[in-house]
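Numbering (my numbering), first residue to last: 26 to 293.
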């Protein structure tokens with residue numbers, strides 16, 4: 026079963042069935058590379074490639090998501106260390122965190138411990154929580170975010186626009202980035218009023234001092250729109266699909282002035 030494989034993977038830190046792919050996050054001002062989102066992948070012996078939503082749900086149901094999340098975080102930190110050895114000290118790795126993980130009272134200490142294991146500063150890591158995570162207990166979750174924030178770990182609110190959060194509550198949240206859900210980005214190509222939503226989200230988030238990441242950007246038309254509306258960062262197939270770390274490193278370019286960029290960004 027997938028549960029049995031996940032338990033084996035958790036018990037063996039060298040098991041390669043669980044691995045990460047990395048999708049670049051690009052700063053539109055200057056087309057600089059901010060870092061990567063780490064995306065967990067499972068290549069099962071019996072079932073082949075298992076969709077992340079499926080194996081994460083199984084891990085949650087079987088109450089092993091905490092251990093699996095720590096494994097994923099360690100893999101992300103290992104790549105962050107590799108990047109630093111290659112001279113890319115300022116690149117961040119974003120890791121997705123489930124509601125169950127975040128609700129664990131020892132979560133923050135586990136993150137700090139993993140960072141220490143890899144001799145990484147807190148700002149090497151960015152944690153992504155979904156908007157729906159806030160529904161579990163807004164005040165409790167926000168207090169957890171405050172602790173992480175106080176230790177210089179950046180937080181991104183993922184899938185914004187799909188849940189219940191209002192812009193008013195954003196004022197209270199200890200987050201640095203807001204990620205616009207890909208469903209809104211796809212509407213940019215429509216000819217109805219829905220294509221205006223992403224621009225409104227960007228404008229309002231900026232008023233609250235948040236930086237905005239558009240995810241799922243697939244077309245140059247969407248990229249042009251996001252530039253025009255002063256979106257801060259983007260990720261998506263228009264830049265690159267998620268790829269393994271070894272391949273990702275080949276696309277990083279360091280310039281004499283110290284700027285780090287990603288090769289082959291469409292110029293719109």
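Think of the CB as a built atom: it goes at the ideal place given N, C-alpha and C, for glycine as much as any other residue. Owing to the predicted nature of the structure, the values given are computational and were not obtained by experimental measurement.
Classified as buried, residue 223 has 16 or more neighbouring CB atoms from the shown chains inside 10 Å of its CB. In the DSSP assignment, residue 239 falls within the unbroken beta strand (DSSP E) covering 236-239.
Counting only unbroken stretches of 4 or more residues, the alpha helix (DSSP H) elements lying wholly within the segment 143-226 are 163-175, 192-195, 207-211, in sequence order. Residue 258 and residue 103 do not touch by the CB rule: their CB atoms are close to 24 Å apart, not below 8 Å. By the criterion of a C-beta distance shorter than 8 Å, residue 57 is surrounded in its chain by 51, 284, 285, 286, once the five residues flanking it on both sides are discounted. With 16 or more other Cβ atoms from the protein chains shown falling within 10 Å of its own Cβ, residue 120 counts as buried. Counting along the chain, the unbroken beta strand (DSSP E) around residue 285 starts and ends at 285-287. About 5 Å separates the beta carbons of residue 260 and residue 240, which is inside the 8 Å limit, making them a contact pair. Membership of residue 243 in any alpha helix (DSSP H) is not indicated, and neither H nor E is assigned to it by DSSP.
Leaving aside the five residues that flank residue 135 on each side, the residues in its chain whose CB is nearer than 7 Å to its CB run, in chain order, 95. Closest by C-alpha distance to residue 144, out of 82, 110, 272, 127, is 110. Taken through DSSP and simplified to helix, strand or coil, residue 113 comes out as coil.
Taking every protein chain shown into account, the CB of residue 275 has fewer than 16 other CB atoms within 10 angstroms, so this residue is exposed.
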